[in-house]
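A.B. asks: Before I ask anything, let me first share the structure, which is written out below as structure tokens.
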Amino acid sequence: MVAVSGSPGKIQVLLRHRIDLLPADAIPRFVYHQASEQPIAKAKELVERATKVAADAAVGAIEQMLQDIRSRGATVKACGMLSGSTSVPNDLGTVLRSHPLIHAAEGKLFQDAIVSACKHCGLRMVLATEREVWSGAAKALDITETGLHKEVDDLRKTVGAPWGADQKSASAVALLALRRA
254 MVAVSGSPGK
264 IQVLLRHRID
274 LLPADAIPRF
284 VYHQASEQPI
294 AKAKELVERA
304 TKVAADAAVG
314 AIEQMLQDIR
324 SRGATVKACG
334 MLSGSTSVPN
344 DLGTVLRSHP
354 LIHAAEGKLF
364 QDAIVSACKH
374 CGLRMVLATE
384 REVWSGAAKA
394 LDITETGLHK
404 EVDDLRKTVG
414 APWGADQKSA
424 SAVALLALRR
434 A
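At position 176 of the sequence shown the residue is numbered 429 (this note's numbering), and the sequence of numbers has no breaks.
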């Protein structure tokens, strides 16, 4: 999770940390992979339990994030999130027979949990795919895509390591949400 403020030339990272939506002691991290190795009834039960655990953890994480940011005098109006581009069928059996769909379903489980938690907390959601986030954020900020990449890359100087591709993309979608709020 990355929270940002500012505009081109003045972008600041307010907060960054990872959210653990499936505690290892409660649910396996790769729940759909685990479910694919079980009979469908047990698989369904595992996925339903994971969905509930992730939803509860997401509400707690978003509420904590809001509290942390508000304690710094900032206001949060919207959240941005990268979304998958693969449509996940509703039929669990179909998902569990396809390795690419298993990965897409795991991503969607986390995405749905965060989106629901943000809505629960009264935040507007902006979703963008990985392939559209940089161009969309650059356009919204009235900056070139190359310029935006450079500014986001340069944030590492103030936030330190790690500053990987996932945090950079999270920053881009957060900036997009900031402009669309």
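Just so you know, even glycine gets a beta-carbon here, dropped at the ideal spot from N, CA and C.
Which term fits glycine 389, buried or exposed, when burial requires 16 or more other beta carbons within 10 angstroms of its beta carbon?
C.D. replies: Under a 10 Å Cβ-count criterion, glycine 389 is classified as buried, with 16 or more other Cβ atoms of the shown protein chains found around its own Cβ.
A.B. asks: Quick check: what's the CA-CA separation for aspartate 344 versus lysine 263?
C.D. replies: 46 Å
A.B. asks: Report the rounded CA-to-CA distance for methionine 254 versus alanine 393, giving the unit in angstroms.
C.D. replies: 21 Å
A.B. asks: Count the C-beta pairs between the region 333-350 and the region 293-313 that are closer than 8 Å, then say yes if the count reaches three, no if not.
C.D. replies: yes
A.B. asks: Output the residue ranges of the beta strand (DSSP E) runs that lie fully inside the region 275-331 and measure 3 residues or longer, sorted by chain position.
C.D. replies: Within the region 275-331, no beta strand (DSSP E) run of at least 3 residues lies entirely inside it.
A.B. asks: From what residue to what residue does the beta strand (DSSP E) around valine 257 run?
C.D. replies: If you look at valine 257, you'll find it in the beta strand (DSSP E) that goes 255-258.
A.B. asks: Which residues in the same chain as proline 281 place their Cβ atom closer than 6 Å to its Cβ, once the five residues preceding and following it in sequence are excluded?
C.D. replies: Gln287
A.B. asks: With DSSP as the reference, please indicate the residues paired to glycine 333 in a beta bridge.
C.D. replies: Glycine 333 pairs with Val379.
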